[in-house]
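With the first letter of the sequence shown counted as 1, position 70 gets the number 81 in the numbering used here; the numbers rise by one all the way through.
All C-beta atoms, glycine included, are put in the ideal place defined by N, C-alpha and C.
Below is one structure, written out as structure tokens; the observations come after it.
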Amino acid sequence: MTDTPISTVAELGQAIRARRLALGLHQAEAAMQSGVSAATFSAIENGKETARIGLVLQICRDLGLQITLSA
């Protein structure tokens with residue numbers, strides 16, 4: 012997987028969606044794997060800014076995504 016610069020919640024949601032689709036998972040399947048509702052998973056993919064950071068990090072881990080910060 013390539014590095015993807017993320018600077019907005021919407022871009023993070025798009026990256027999560029792209030990874031889920033690359034894995035061939037439906038939202039409901041990915042949500043179940045992460046222990047969240049399909050509605051919550053959808054909100055995160057759609058860039059809703061009220062999602063808890065811990066939950067977003069858990070979803071990223073479950074999808075095999077790694078978040079790296081740089082300055």
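Boundaries for I78: no alpha helix (DSSP H) harbours it, and the DSSP string shows neither H nor E there. Around the beta carbon of L80, a 10 Å sphere encloses fewer than 16 other beta carbons of the protein chains shown; the residue is thus reported as exposed.
Here DSSP, grouped into helix, strand and coil, assigns V20 to helix. Annotation: G58 to L23 spans about 7 Å, alpha carbon to alpha carbon.
Here S48 carries a coil assignment [DSSP, helix/strand/coil]. For a cut-off of 8 Å, the C-beta gap from L74 to L34 is around 7 Å, short enough to register as a contact.
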